Ligand SMILES: [Mg+2]
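Numbering (this note's numbering), first residue to last: 145 to 467.
Listed below in structure tokens is the structure:
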């Protein structure tokens, strides 16, 4: 019997933990992180203090709140929730700030994202926050994909931004649907993920690269992982390395997260996404206590995130019973 409350809490708190571990080294190369810290295993002093979160977790909170309040996806309400939670000190990307400004000035939620950059943003901003969608719709990958796409449009309307959000949400869902007491069938996990990706999408090639890296007899060097998968803020170059970080260390939440942050680059987001998948797989109980204790505890801190996860589970149960 799967303890869904532990998995939902793991996915949401995993986002916070990965975000907080990765943020202090955001933008650093993997060589620089290795030189300074060896392996980064402890929460460091950060912009807003040790264990604090950034835009990744703040937007995840906004998404979970809206899903809970509306009993599912409601674009207008989600845009409102993003605006209400917005705190510029959390380090939002330029495109997201612009989209939210447009919505504040009266542009429709489904139009604002497309007005940012040409054809919308293909950054990872809608994938980093998507864990609540992965939790709520883990029983229905078709609906999950639709909701992930729609939740992305508000700030990241480019097909690659939307596809990245759907892929990350799917990975969280598959992690919830897998039994951590048995060895993870990584090939099966990846082939189900492939089935979630649009035909012709460059994400397919990336997932094939993940499979090839996993099949190697010896764990490939970090340079090779970066060369094949990337580590920057494009969804295409951050969702796949998060999936690889999880699949290459699925037996241990801490090792998956340490590896993901050690890749360098967009560390808070790659950490947040890896934490979401690994937490969804092994549950809150797999997150090291010293990390959980370091998380921020303000009005919308770790305790609140856990409450949101429980509320999200109630909505999930309602959706299931209404089918
Ligand atoms: Mg961030």
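Even for Gly, the Cβ is constructed at its ideal location relative to N, Cα and C. None of the values given here were measured: they were computed from a predicted structure.
Name the residue from the options whose alpha carbon lies nearest to the alpha carbon of residue i.
{"i": "residue 350", "options": "359, 361, 338 and 155", "result": "338"}
{"i": "residue 236", "options": "251, 204, 200 and 265", "result": "200"}
{"i": "residue 269", "options": "277, 233, 306 and 286", "result": "306"}
{"i": "residue 364", "options": "225, 336, 407 and 170", "result": "407"}
{"i": "residue 154", "options": "433, 244 and 332", "result": "433"}
{"i": "residue 397", "options": "385, 431 and 410", "result": "431"}
{"i": "residue 311", "options": "274, 298 and 299", "result": "274"}
{"i": "residue 152", "options": "467, 464 and 452", "result": "452"}
{"i": "residue 241", "options": "252, 250 and 257", "result": "257"}
{"i": "residue 298", "options": "289, 192, 466 and 247", "result": "247"}
{"i": "residue 183", "options": "435, 466 and 399", "result": "399"}
{"i": "residue 239", "options": "260, 378, 208 and 221", "result": "260"}
Does DSSP classify residue i as helix, strand or coil?
{"i": "residue 185", "result": "coil"}
{"i": "residue 408", "result": "strand"}
{"i": "residue 250", "result": "coil"}
{"i": "residue 173", "result": "strand"}
{"i": "residue 378", "result": "strand"}
{"i": "residue 445", "result": "coil"}
{"i": "residue 215", "result": "coil"}
{"i": "residue 429", "result": "helix"}
{"i": "residue 237", "result": "coil"}
{"i": "residue 195", "result": "coil"}
{"i": "residue 267", "result": "strand"}
{"i": "residue 340", "result": "coil"}
{"i": "residue 230", "result": "coil"}
{"i": "residue 201", "result": "helix"}
{"i": "residue 286", "result": "helix"}
{"i": "residue 261", "result": "coil"}
{"i": "residue 465", "result": "helix"}
{"i": "residue 167", "result": "helix"}
{"i": "residue 458", "result": "helix"}
{"i": "residue 385", "result": "helix"}
Sorted by chain position, which residues of the same chain lie with C-beta nearer than 6 Å to residue i's C-beta, five sequence neighbours on each side aside?
{"i": "residue 470", "result": "Missing from the structure shown is residue 470; the chain here goes from 145 to 467 and no further."}
{"i": "residue 195", "result": "164, 187, 438, 439 and 440"}
{"i": "residue 211", "result": "276 and 280"}
{"i": "residue 148", "result": "457"}
Under 7 Å Cβ to Cβ from residue i, same chain only, skipping five residues before and after it: list those, please.
{"i": "residue 319", "result": "421, 424 and 425"}
{"i": "residue 358", "result": "330, 391 and 392"}
{"i": "residue 302", "result": "263, 264, 265 and 266"}
{"i": "residue 470", "result": "Lying outside 145 to 467, the shown extent of the chain, residue 470 is not represented and no answer is given."}
{"i": "residue 328", "result": "322 and 394"}
Alpha carbon to alpha carbon, what distance is there between residue j and residue i?
{"i": "residue 449", "j": "residue 443", "result": "10 Å"}
{"i": "residue 367", "j": "residue 347", "result": "20 Å"}
{"i": "residue 198", "j": "residue 417", "result": "13 Å"}
{"i": "residue 162", "j": "residue 333", "result": "22 Å"}
{"i": "residue 202", "j": "residue 462", "result": "25 Å"}
{"i": "residue 174", "j": "residue 382", "result": "14 Å"}
{"i": "residue 215", "j": "residue 455", "result": "10 Å"}
{"i": "residue 185", "j": "residue 178", "result": "11 Å"}
{"i": "residue 189", "j": "residue 168", "result": "7 Å"}
{"i": "residue 317", "j": "residue 340", "result": "12 Å"}
{"i": "residue 415", "j": "residue 362", "result": "24 Å"}
Are residue i and residue j close, meaning C-beta to C-beta below 8 Å?
{"i": "residue 380", "j": "residue 427", "result": "no"}
{"i": "residue 419", "j": "residue 158", "result": "yes"}
{"i": "residue 295", "j": "residue 230", "result": "no"}
{"i": "residue 170", "j": "residue 412", "result": "yes"}
So, for residue i: in the same chain, excluding its five sequence neighbours on each side, which residues have a beta-carbon less than 8 Å away from its beta-carbon?
{"i": "residue 373", "result": "350, 353, 354, 357, 381, 384, 385 and 388"}
{"i": "residue 464", "result": "283"}
{"i": "residue 501", "result": "In the structure as shown, the chain starts at 145 and stops at 467, and residue 501 therefore has no counterpart that could be examined."}
{"i": "residue 150", "result": "427, 428 and 429"}
With a threshold of 7 Å, establish whether the CB of residue i neighbours any heavy atom of ligand 2.
{"i": "residue 267", "result": "Ligands in the displayed structure: ligand 1; ligand 2 is not one of them."}
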